[in-house]
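Working notes, beginning with the structure itself.
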Amino acid sequence: MPDLEFIFHPSSIAVAGVSQHNSTADMFLDPLIQSGYKGKIYPIHHKANEVSGLKAYPSIMDVPGPVDHVTCGIRATRTPELMRECAAKRVKLVQIFTAGFSESGEEEGIRLEKEIAEISRRGNVRVLGPNCMGIYYPDLGISYEPSFPKDGGRIGFLAQSGGNSMRLVMLGAARGIRFSKVVSYGNACDINEADLMEYLADDPESKIIIGYIEGTRDGRRFVRALQKAAEAKPVIMFKGGVTEAGTRAVASHTGSLGGTDAVWSSLFRQLGVMQVDDMEELIDLLLPFQHWQPLRGKRVGLIGIGGGYSVLLADASARAGLIVPAFTEELKSSLRDIVPREADPGTSVHNPVDLSVSGWNPDIFSKALETVDKYDGVDFMLLCISLHAGCIGGPLKQMIDKAVDALVITKKKLNKPVAMVILEDFAPETRKLSSGIQEIVRQVNIPVFPSFNRAARAISRFIQYHERRQ
Amino acid sequence: MPDLEYVFHPRSIAIVGVSRDSSSYATSSFLKPLIQFGYEGKTYPVNPEVSEILGVKVYPGISDIPGPVDYVICCLRAELTPKLMRECVTKGVKVIQFFTSGFSETGQEKGIRLEREIAEIAHQGGIRVIGPNCMGIYCPSSRISFDASFPKESGSIGFLCQSGGNSIELVQLGNARGIRFSKVVSFGNACDLNEADFMDYFAHDPQTEVIVGYLEGMKEGRRFINALREAAIAKPIIMLKGGEGEAGIEAVASHTGALAGNSAVWGSLFRQLGIIQVHDLEELVDLLLLFQHSKPPKGRRVGLVGTGGGRGILATDSCEREGLAVPPFPEAVRRKLREIAPEERYHGTSVRNPVDSAGLDWNPDIFPKILKTMADYDGLDFILAYTRVTFGTERVAKVIDSLTETKKDLDKPVAMVVRHSEEPKTVSCAFEIQNRCHQSGIPTFPSFSRAARAISRFIEYHEQRK
Numbered sequence: 194m195p196d197l198e199f200i201f202h203p204s205s206i207a208v209a210g211v212s213q214h215n216s217t218a219d220m221f222l223d224p225l226i227q228s229g230y231k232g233k234i235y236p237i238h239h240k241a242n243e244v245s246g247l248k249a250y251p252s253i254m255d256v257p258g259p260v261d262h263v264t265c266g267i268r269a270t271r272t273p274e275l276m277r278e279c280a281a282k283r284v285k286l287v288q289i290f291t292a293g294f295s296e297s298g299e300e301e302g303i304r305l306e307k308e309i310a311e312i313s314r315r316g317n318v319r320v321l322g323p324n325c326m327g328i329y330y331p332d333l334g335i336s337y338e339p340s341f342p343k344d345g346g347r348i349g350f351l352a353q354s355g356g357n358s359m360r361l362v363m364l365g366a367a368r369g370i371r372f373s374k375v376v377s378y379g380n381a382c383d384i385n386e387a388d389l390m391e392y393l394a395d396d397p398e399s400k401i402i403i404g405y406i407e408g409t410r411d412g413r414r415f416v417r418a419l420q421k422a423a424e425a426k427p428v429i430m431f432k433g434g435v436t437e438a439g440t441r442a443v444a445s446h447t448g449s450l451g452g453t454d455a456v457w458s459s460l461f462r463q464l465g466v467m468q469v470d471d472m473e474e475l476i477d478l479l480l481p482f483q484h485w486q487p488l489r490g491k492r493v494g495l496i497g498i499g500g501g502y503s504v505l506l507a508d509a510s511a512r513a514g515l516i517v518p519a520f521t522e523e524l525k526s527s528l529r530d531i532v533p534r535e536a537d538p539g540t541s542v543h544n545p546v547d548l549s550v551s552g553w554n555p556d557i558f559s560k561a562l563e564t565v566d567k568y569d570g571v572d573f574m575l576l577c578i579s580l581h582a583g584c585i586g587g588p589l590k591q592m593i594d595k596a597v598d599a600l601v602i603t604k605k606k607l608n609k610p611v612a613m614v615i616l617e618d619f620a621p622e623t624r625k626l627s628s629g630i631q632e633i634v635r636q637v638n639i640p641v642f643p644s645f646n647r648a649a650r651a652i653s654r655f656i657q658y659h660e661r662r663q
Numbered sequence: 008m009p010d011l012e013y014v015f016h017p018r019s020i021a022i023v024g025v026s027r028d029s030s031s032y033a034t035s036s037f038l039k040p041l042i043q044f045g046y047e048g049k050t051y052p053v054n055p056e057v058s059e060i061l062g063v064k065v066y067p068g069i070s071d072i073p074g075p076v077d078y079v080i081c082c083l084r085a086e087l088t089p090k091l092m093r094e095c096v097t098k099g100v101k102v103i104q105f106f107t108s109g110f111s112e113t114g115q116e117k118g119i120r121l122e123r124e125i126a127e128i129a130h131q132g133g134i135r136v137i138g139p140n141c142m143g144i145y146c147p148s149s150r151i152s153f154d155a156s157f158p159k160e161s162g163s164i165g166f167l168c169q170s171g172g173n174s175i176e177l178v179q180l181g182n183a184r185g186i187r188f189s190k191v192v193s194f195g196n197a198c199d200l201n202e203a204d205f206m207d208y209f210a211h212d213p214q215t216e217v218i219v220g221y222l223e224g225m226k227e228g229r230r231f232i233n234a235l236r237e238a239a240i241a242k243p244i245i246m247l248k249g250g251e252g253e254a255g256i257e258a259v260a261s262h263t264g265a266l267a268g269n270s271a272v273w274g275s276l277f278r279q280l281g282i283i284q285v286h287d288l289e290e291l292v293d294l295l296l297l298f299q300h301s302k303p304p305k306g307r308r309v310g311l312v313g314t315g316g317g318r319g320i321l322a323t324d325s326c327e328r329e330g331l332a333v334p335p336f337p338e339a340v341r342r343k344l345r346e347i348a349p350e351e352r353y354h355g356t357s358v359r360n361p362v363d364s365a366g367l368d369w370n371p372d373i374f375p376k377i378l379k380t381m382a383d384y385d386g387l388d389f390i391l392a393y394t395r396v397t398f399g400t401e402r403v404a405k406v407i408d409s410l411t412e413t414k415k416d417l418d419k420p421v422a423m424v425v426r427h428s429e430e431p432k433t434v435s436c437a438f439e440i441q442n443r444c445h446q447s448g449i450p451t452f453p454s455f456s457r458a459a460r461a462i463s464r465f466i467e468y469h470e471q472r473k
């Protein structure tokens, strides 16, 4: 098994093809500077003396010290020359951002890709790409997008598509997902999905693996690597190009063979690998894996605050395969002691518990949560609140803030996991409020979802994963 | 057929049970909205212990109000409602809406008896009742609302909703995405006016072009089905049926006291009548957006255009999964597109379907030509464009300008997926793009899956009506 650890630990990185504010500089040089990469950074440009405040060199050969890692943004036709220089300079890894290789489907591109693969093998330089974004490793300050989070996490991600890797990291960042390592590997002319899956399976920093792949270069080895990885850790795969037209688009994107959907899906099922169909579903599913231990069962206690959405909440839960058990008379009367019907006739103490507006009272809300937590007929709790224009700026906003503070304190006393649905209208002001609440509650391991269905589906799949492994 | 028009046009409204506490329901949900919406009729708050609230004179009782009272909103405790009903009969009130809960939905003898009693008084005294246990009416053209933050403009969507909370939820969710309503009725336990009355009304209401219903159970099943059948012939109807599973059915009982019925029966009824059934509020808003902004595409063939190869693949997969076709372009179309965006100049651009416009940098000179060429190709029925929003890119604004400008010359529907990271910073930008697109009749969606699903159901609706 190849040990790829070295690709994540370069002590120097040269970026070829940068000039002041061109896209290569924006994408590769600036993130390194801004993410606090501690090694040496060498911009390479045939004319410029300085780029982004760093001394620039006319070529790799002119860099004084050793160069471990080269990021290449020069035109495809000039890459073989660069590769030869890298071999001479004893560069360990070249990441080729440049497109225009086999994915173009054209003779010239295919030939060029073969040529660089050949130079790579002979010169003992490993290649990532071409047609990819490379490595995001926040712990070491390596990144290809300045807005990526600077703090690392436990999720390892291998992505064939550069664009989708960026999209997922950013979508995930907004919802508190943090990554150990992300590798966008494009056409995979040397290092491929099998190498990276093997690496992540053994990587102690990655506790969960996700993959976005469009096709495979080394199918047999990849399946073995996937099997090994799935035995060790939860693996979630997002397969692009599952439909006929999708497969056609794959060919022009990374030049690989998409294969048929049914084959991949049944393979994933056999290996206990979770498959998702879109990015939103993927992020949703990552949240319980990141925040929770396995649940004891699928019985959920539902608690709604401020609205009459109990019915839809119960329907969504049941539809996703969760169990919404009826509460005992004893439990219902303990809840009634907390919210007497006379005090708020709009409340209901069945499961779902509807605390109505009384739920914004921190005392009522905390006590109700603690009471359901103690009941051994449920395995976890799902809370629901709703935010919209009416919550901004008025007295309701203060009530919400207080309830959230109470939730954080109460959560620490609970024995069971808690998730939360925040329904919101996604208007900018609401988003700010909702995003603030999400940030607070995820510190106490409460994952937040934007709809009943998405919460119920993600949690249900999380439970299924652990059931199958028992 | 009952003519309920007068329900939506009261000349005076009394709100019984207002208190000095401005966060009380009566004040914040009913009095404040009337003031802020600029309701032009007379407003009479009623409370024997208060003389003025929010600058409006308060009356001790209904009978103390000098002029006639058309409409009463009741926020009193349940026990006090029969007495109020009798006063209303004497006063000649036409409609009374009960926000008050604690009736049949409690499942308890006392509440059931009270509800029967007010229904009886209503029947004998010739007063119509909305509720109890509901929010009542939002009718922007009459400047009546039960939430001060609802939009003040009218739209073409009529919404009948058994649940007060869900009615607020849908109007708010929709508001942020540009959905506008003609009339919304939250009718709760429906002890007098019920789902059949309002469905009937919406079927004939000229302000309402699309009808949405959130129902948990029926009071008058047979009449409702007849009303639904008649309405479905006249207008598109979208139904969200709450209380599908066992737990949901139980929740319905304690929510509005209705019997939810068997979900399979409802599902097949909706299918037979050509009614679109949805399962959540997000899907509902997605569909409404299409009905509000888009002409129906003639078929299921979509042309995809946007930035990023990986995104194109996901867009393609989403479309095909929902039964839309993403046909490859013939040589002639590809050649035309290549002439507009030559490989040498616009590196990384792909001219198959999806068109990957990465290399174009969303060039506002090139992009409209690409769009026009795709729209001119008669192998496509509509176009779905997609973009990712990164905070602060003026480029995105330019694309939207060129997109909305080009759209005017196209005779095929265009929709757009605007993907953002949900980060508050990017949301503002996405929000602006969305609003501008909607103004130009381009519906926008937050993900490929949701766009593809909504468009496919929109097309399906029109296919079935052919």
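Keeping their order, the protein sequence lines are chains A and B. Under my numbering, think of the first position of the first sequence as 194, with each following residue one higher. Under my numbering, think of the first position of the second sequence as 8, with each following residue one higher. All C-beta atoms in this analysis are idealised placements derived from N, C-alpha and C, irrespective of residue type, glycine included. Quick caveat, the model's predicted, so the values are computed rather than measured.
Arg492 (chain A) has its alpha-carbon roughly 50 Å from the corresponding atom of Lys414 (chain B).
With the rule of 3 Cβ pairs closer than 8 Å, the segment 154 to 162 of chain B does not count as touching the segment 87 to 100 of chain B. In the structure shown, Thr521 (chain A) adopts coil according to DSSP, grouped into three states. Under the Cβ criterion of 8 Å, Leu505 (chain A) is counted among the residues facing chain B. Taking 8 Å as the upper bound for CB-CB distance, Thr564 (chain A) and Ser503 (chain A) are not in contact here, some 17 Å apart.
Residue contact check for Gln179 (chain B) against chain A: a CB pair falls below 8 Å.
In the three-state DSSP reduction, Asp388 (chain B) falls in the coil class, being neither helix nor strand. For the 8 Å CB-CB criterion, Val292 (chain B) and Leu180 (chain B) form a contact. As a beta-bridge residue in DSSP terms, Ser357 (chain B) pairs with B:Asp363.
With 16 or more other Cβ atoms inside 10 Å of its own Cβ, Ala203 (chain B) counts as buried. When Cβ-Cβ separations below 8 Å define contact, Glu522 (chain A) makes no contact with chain B.
Taking a C-beta distance under 8 Å as the contact criterion, Ala207 (chain A) and Val244 (chain A) do not qualify as a contact pair. Interface criterion not met: the Cβ of Thr409 (chain A) is under 8 Å from no Cβ in chain B. Secondary-structure assignment with DSSP links Ser541 (chain A) through a beta bridge to A:Asp547.
Scanning the segment 135 to 202 of chain B for uninterrupted alpha helix (DSSP H) segments of 4 residues or longer gives 171 to 183, listed from N- to C-terminal end. Assignment of Val434 (chain B) by DSSP, reduced to helix, strand and coil, places it in the helix class.
Within 10 angstroms of the beta-carbon of Gln441 (chain B) lie 16 or more other beta-carbons, which makes it buried.
As for any alpha helix (DSSP H) of minimum length 4 sitting wholly inside the segment 401 to 460 of chain B, the runs are 401 to 414, 431 to 446, ordered along the chain. Minimum Cα-Cα distance from Pro203 (chain A) among the listed residues A:Val611, A:Asp569, A:Ser313, A:Gly327 corresponds to A:Gly327.
No Cβ of chain B is located within less than 8 Å of the beta carbon of Met326 (chain A). Taking the Cα positions, Val14 (chain B) is about 24 Å away from Gly264 (chain B). In the structure shown, Cys584 (chain A) adopts helical secondary structure according to DSSP, grouped into three states.
Rounded to the nearest angstrom, the Cβ distance from Val320 (chain A) to Ala310 (chain A) is 7 Å, consistent with a contact under 8 Å. Contacts between Phe438 (chain B) and chain A, judged by CB atoms closer than 9 Å, involve Phe619, Ala620, Pro621, Arg624 in chain order. Only Ala85 from the segment 52 to 86 of chain B bring a Cβ to less than 7 Å from some Cβ of chain A.
In the DSSP secondary-structure assignment, His262 (chain A) is bridged to A:Ile206, A:Leu286. Inclusion of Val469 (chain A) and Phe520 (chain A) in the CB contact set at 8 Å is not warranted, their separation being larger than that value. Between Phe455 (chain B) and chain A, the shortest Cβ-Cβ separation is below 8 Å. Straight across, the Cα-Cα distance linking Val637 (chain A) with Leu393 (chain A) is about 27 Å.
Closest in alpha carbon position to Pro213 (chain B), among B:Gly165, B:Met225, B:Arg135, is B:Gly165.
Assignment of beta-bridge partners to Lys491 (chain A) by DSSP yields no partner. Cβ proximity to chain A below 9 Å picks out Thr323, Asp324, Ser325, Cys326, Glu327, Arg328, Ala332, Val333, Pro334, Pro335 from the segment 323 to 339 of chain B. The contact set of Asp471 (chain A) on chain B, defined by CB atoms closer than 8 Å, consists of Leu321, Ser325, Ser454, Phe455, Ser456 in chain order. The beta carbon of Gly306 (chain B) sits closer than 6 Å to the beta carbons of Asp388 from its chain, once the five residues preceding and following it are set aside; these are given in chain order. Going by C-alpha positions, Trp273 (chain B) is about 45 Å away from Ala404 (chain B). Within 7 Å of the CB of Pro545 (chain A), the CB atoms of chain B belong to Ala258, in sequence order along the chain.
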